[in-house]
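Student: Below you will find the structure I want to go over with you.
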Amino acid sequence: MTTVIDGNSVASDIRSEITDCVETLEDSGVNPGLATVLMSDDPASETYVSMKQQDCEEVGIESHHVEIDPDAPAAELFDTIDDLNDDPAVDGILVQLPVPDHVDKREVIRAIDPAKDVDGFHPENVGRLVAGDARFKPCTPHGVQKLLEAYDIETEGADAVIVGRSDIVGKPLANLLIQKAPLGNATTTVCHSRTDDLAAYTETADIVIAAAGVTEFIGGSMLSEDATVIDVGINRVDADNEKGYQLVGDVDYESAEPVVDAITPVPGGVGPMTRAMLLYNTVKGASEAHGVDIELP
Ligand code: GUN
Numbered sequence: 338m339t340t341v342i343d344g345n346s347v348a349s350d351i352r353s354e355i356t357d358c359v360e361t362l363e364d365s366g367v368n369p370g371l372a373t374v375l376m377s378d379d380p381a382s383e384t385y386v387s388m389k390q391q392d393c394e395e396v397g398i399e400s401h402h403v404e405i406d407p408d409a410p411a412a413e414l415f416d417t418i419d420d421l422n423d424d425p426a427v428d429g430i431l432v433q434l435p436v437p438d439h440v441d442k443r444e445v446i447r448a449i450d451p452a453k454d455v456d457g458f459h460p461e462n463v464g465r466l467v468a469g470d471a472r473f474k475p476c477t478p479h480g481v482q483k484l485l486e487a488y489d490i491e492t493e494g495a496d497a498v499i500v501g502r503s504d505i506v507g508k509p510l511a512n513l514l515i516q517k518a519p520l521g522n523a524t525t526t527v528c529h530s531r532t533d534d535l536a537a538y539t540e541t542a543d544i545v546i547a548a549a550g551v552t553e554f555i556g557g558s559m560l561s562e563d564a565t566v567i568d569v570g571i572n573r574v575d576a577d578n579e580k581g582y583q584l585v586g587d588v589d590y591e592s593a594e595p596v597v598d599a600i601t602p603v604p605g606g607v608g609p610m611t612r613a614m615l616l617y618n619t620v621k622g623a624s625e626a627h628g629v630d631i632e633l634p
């Protein structure tokens, strides 16, 4: 029987522990706050940001939201970031990506105070992660590690194949899985769109992490019966339903599920974990900014 990895359930447990962290902070007079900044009218980005605000509300984190017209000058976004950097009520800042073409994404990431960079994208935080001294682990890779931990899937000595080399998932996850640390010690291979004979890598892997952003890129014939498959993809495809679309991953679930040992569904796998780890980073930031100890999950 294939284990279907339930991200909703693991994320719910983590959220409940984060609620305790928020209470501990509040007992010391600290109200953790997350600022979300949206400079886009993309419906998917709007949905993601509003879900993040709802998550904050659920665990008691104060949410501050700023919307900037996507046609506004870039300076408006940079001024907003400066204000949030200086605002003591804000412990975490998340600028929803992508930003419009006339705004330099790298400059945006560098403008955020690294101590409030709950995405973990600032070069200082990337450097610390690579050096094995992470301040904020990026949310999706951290969520993947937590899912593996919750299901007792051993990374030490495992052959892990990551399909995708993005700054948000593939690169940081590779760095986490190779760390000489708990939830690391994996022999890690990063494949990508230019990999010759992708199946040669995936079919011998113990852990396959699909993060290529390509609909149903990996099928059952490319996977082994012992594999754990973590599907990071969230792709919208047209569907004959109320919304007009449905979400599918980078893995062809129909063909993969009967083959492998364990697999995450889409939705309900990695997505809720990404959201939970953002809350984790926000309370971690608040705890460090105000010198209050908390017991993180
Ligand atoms: N857009 C898609 N994923 C992310 C993310 O993890 N963080 C931010 N800031 N924007 C995103």
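All the letters of the sequence shown, read from the start, carry residue numbers 338 to 634 under the numbering used here.
Backbone N, C-alpha and C define an ideal beta-carbon position, used for all residues, glycine too.
From a predicted model like this one, the values you see are computed outputs, not experimental measurements.
Rounded C-beta distance between residue 506 and residue 478? I'm assuming under 8 angstroms.
Tutor: Yes, they are in contact, since the Cβ atoms of residue 506 and residue 478 sit about 6 angstroms apart, within 8 angstroms.
Student: With DSSP run on the structure shown, which of helix, strand or coil describes residue 402?
Tutor: Residue state, collapsed to three classes: strand.
Student: Sort 354, 379, 373, 418 by Cα distance to residue 402 and report the nearest one.
Tutor: Of the listed residues, the one whose Cα sits closest to residue 402 is 373.
Student: Note the first and the last residue of the continuous alpha helix (DSSP H) segment covering residue 416.
Tutor: That run of the alpha helix (DSSP H) goes 411-423.
Student: In terms of alpha-carbon separation, which member of 632, 633, 628 lies closest to residue 366?
Tutor: It is 628 whose Cα lies nearest to the Cα of residue 366.
Student: Among 622, 632, 630, which one has its Cα closest to the Cα of residue 451?
Tutor: Ranking the options by Cα distance to residue 451, first place goes to 622.
Student: Can you tell me which residues form a DSSP beta bridge with residue 525?
Tutor: Beta-bridge pairing links residue 525 to 497.
Student: What are the uninterrupted segments assigned as beta strand (DSSP E) that are 3 or more residues long and contained completely in the stretch 448-525, given in chain order?
Tutor: Whole beta strand (DSSP E) segments, 3+ residues: 496-500.
Student: Taking 6 angstroms as the cut-off, is the beta-carbon of residue 456 closer than that to any non-hydrogen atom of the ligand GUN?
Tutor: Correct: residue 456 has its Cβ closer than 6 angstroms to the ligand GUN.
Student: I'd like to know whether the C-beta atoms of residue 611 and residue 480 end up nearer to each other than 7 angstroms.
Tutor: In this structure, residue 480 lies closer than 7 angstroms to residue 611 by Cβ.
Student: Regarding residue 390 and the ligand GUN, is the C-beta to nearest heavy atom distance less than 6 angstroms?
Tutor: Answer for residue 390: no, Cβ out of range of the ligand GUN.
Student: Check the DSSP bridge columns for residue 566 and list the partner residues they point to.
Tutor: For residue 566, which the question treats as bridged, DSSP gives the partners 545, 600.
Student: Does residue 432 come out as helix, strand or coil in the three-state DSSP assignment?
Tutor: Reduced to three states, the DSSP call for residue 432 is strand.
Student: According to DSSP, is residue 532 part of a helix, a strand, or is it coil?
Tutor: Of the three classes helix, strand and coil, the one that applies to residue 532 here is coil, per DSSP.
Student: Could you check where the beta strand (DSSP E) with residue 371 kicks off and where it finishes?
Tutor: Looking at the DSSP string, the run of the beta strand (DSSP E) that includes residue 371 is 370-375.
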